[in-house]
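Visitor:
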Amino acid sequence: MIKENLTQINNTLPDHVTLVAVSKTKPIADIQEAYDAGQRVFGENKVQEMVTKHDELPKDIQWHMIGHLQRNKVKYMAHFVDLIHGVDSFKTLKEIDKQAKKHDRVINCLLQAHIAQEDTKFGFSFNEMDEIINSAEFKDLKYIKVVGLMGMATFTDNQNQIKEEFTSLKSYFDSKKSYQSQNFDLKTLSMGMSGDYQLAIDCGSTMVRIGSSIFGVRNYFS
Ligand SMILES: *Cc1c(COP(=O)(O)O)cnc(C)c1O
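All the letters of the sequence shown, read from the start, carry residue numbers 645 to 866 under this note's numbering.
#1: Taking residue 852 and residue 663 to be in contact with their CB atoms under 8 Å, please state how far apart those CB atoms are, rounded to whole angstroms.
#2: Closest to residue 732 by CA distance: which of 718, 724, 758, 746 is it?
#3: If we ignore side chains and look at the alpha-carbon of each, how far apart do residue 685 and residue 667 end up?
#4: Quick one: using the 10 Å Cβ neighbour count with 16 as the cut-off for buried, is residue 736 buried or exposed?
#5: Tell me whether residue 684 sits in a helix, a strand or coil according to DSSP, three-state version.
#6: When DSSP labels each residue in this structure, what does residue 799 get in the three-state scheme?
#7: Secondary structure at residue 849, three-state DSSP: helix, strand or coil?
#8: Taking 6 Å as the limit between beta carbons, can you name the residues of its chain near residue 739, skipping five residues before and five after?
#9: Could you tell me which uninterrupted beta strand (DSSP E) segments, each at least 3 residues in length, are contained entirely in the stretch 716-794, listed from first to last along the chain?
#10: Say the cut is 7 Å; is the CB of residue 838 nearer than that to a heavy atom of ligand 1?
#11: Short of 7 Å in beta carbon distance, which residues of its chain neighbour residue 831, apart from the five on each side in sequence? Order them along the chain.
#12: Using the Cα positions of residue 696 and residue 722, report the straight-line distance between them to the nearest angstrom.
#13: Suppose the cutoff is 8 Å on Cβ atoms and the five residues either side in sequence are ignored; what does the same chain contact list for residue 674 look like?
#14: Check whether the Cβ of residue 684 lies closer than 7 Å to any heavy atom of ligand 2, and answer yes or no.
#15: According to the Cβ coordinates, are residue 705 and residue 679 closer than 8 Å?
#16: Would you mind stating whether residue 710 and residue 729 have Cβ atoms separated by less than 8 Å?
#17: Using beta-carbon positions only, say whether residue 788 and residue 797 come within less than 8 Å of one another.
#18: Can you tell me whether residue 786 is buried or exposed? The criterion is at least 16 other CB atoms within 10 Å of its CB, across all chains shown.
#19: Kindly examine ligand 1 and report whether one of its heavy atoms sits closer than 7 Å to the Cβ of residue 853.
#20: For ligand 1, any of its heavy atoms closer than 7 Å to the Cβ of residue 670?
Structure below.
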């Protein structure tokens, strides 16, 4: 089923959209099956789980950290993580920079924008992002690169609301595109999950994070 699901989703994705297969809570065998079907980019939301899976699975997998990040866990993945989607504080960005430096590498990051009408979703307001991007402290960070933005829409059936939220992030993204520096160059707009990725793509997403439509519903209690 995983292979068929992947084929079906890939057939609907435009060429400029990258698929992140969200494998959180799923066993190694499921990820291997997706890998054997050609998938190379996987997303996890817990550092320890990602580290275990990274150790056991083929080394050409690109691992994306998509969840809320605890600063004290950054060090465990700094040597291999390919992209961190959920950067939602300057302190976290500084910690990623510090840990990346130890491995003499640059870690690509996405700043997470708070676009949902919910208190539970993490992320910056656009003003807060502006402040960071324009700060002298940010310009000093040499071991991170902000390559894009990430956002999650409100969990609702109201398509218009979701569309508005995605569109607001796309507009902000576009307004910062010409703004390039050594550690800031927006290319990736990560928006869209199983329930809303088609709408997200219509609104300008270049990276979708899809879990349950590939691997089936998650059972957190197993
Ligand atoms: C779990 C998760 C997803 C995938 O959700 P599905 O609805 O299963 O596709 C996408 N993004 C983030 C940040 C997640 O935590």
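Don't be surprised by glycine CBs; every beta carbon is placed ideally from N, CA and C. Because the structure is a prediction, the values reported are computed rather than measured.
Guide: So, from the data block:
#1: The Cβ separation is near 6 Å, so the contact holds.
#2: Among 718, 724, 758, 746, the Cα nearest to that of residue 732 is on 758.
#3: Taking the straight line joining both Cα atoms gives about 10 Å.
#4: For residue 736, the number of other beta carbons within 10 angstroms of its own is at least 16, and it is reported as buried.
#5: Residue 684 sits in coil when the DSSP states are folded into three classes, being neither helix nor strand.
#6: Coil at residue 799, not helix or strand.
#7: When secondary structure is reduced to three states using DSSP, residue 849 falls in the coil class, being assigned neither helix nor strand.
#8: Here the set comprises 715, 718.
#9: Annotation: the stretch 716-794 contains the following complete segments of the beta strand (DSSP E) (minimum length 3 residues), in chain order: 727-731, 751-757.
#10: Placement of the Cβ of residue 838 at a distance of less than 7 Å from at least one heavy atom of ligand 1 is found.
#11: Excluding positions up to five away in sequence, the list reads 791, 792.
#12: Taking the straight line from one Cα to the other gives about 14 Å.
#13: By the criterion of a C-beta distance shorter than 8 Å, residue 674 is surrounded in its chain by 646, 667, 859, once the five residues flanking it on both sides are discounted.
#14: With respect to small molecules bound, the structure shown includes ligand 1 and not ligand 2.
#15: Their beta carbons are under 8 Å apart, which means residue 705 touches residue 679 by this criterion.
#16: Yes; because the gap between Cβ atoms is below 8 Å, this pair is in contact.
#17: It is not a contact, given that the beta carbons lie outside the stated cut-off.
#18: Its Cβ having fewer than 16 others within 10 Å, residue 786 is exposed.
#19: For ligand 1, at least one heavy atom lies less than 7 Å from the Cβ of residue 853.
#20: Relative to ligand 1, even the nearest heavy atom lies 7 Å or more away from the CB of residue 670.
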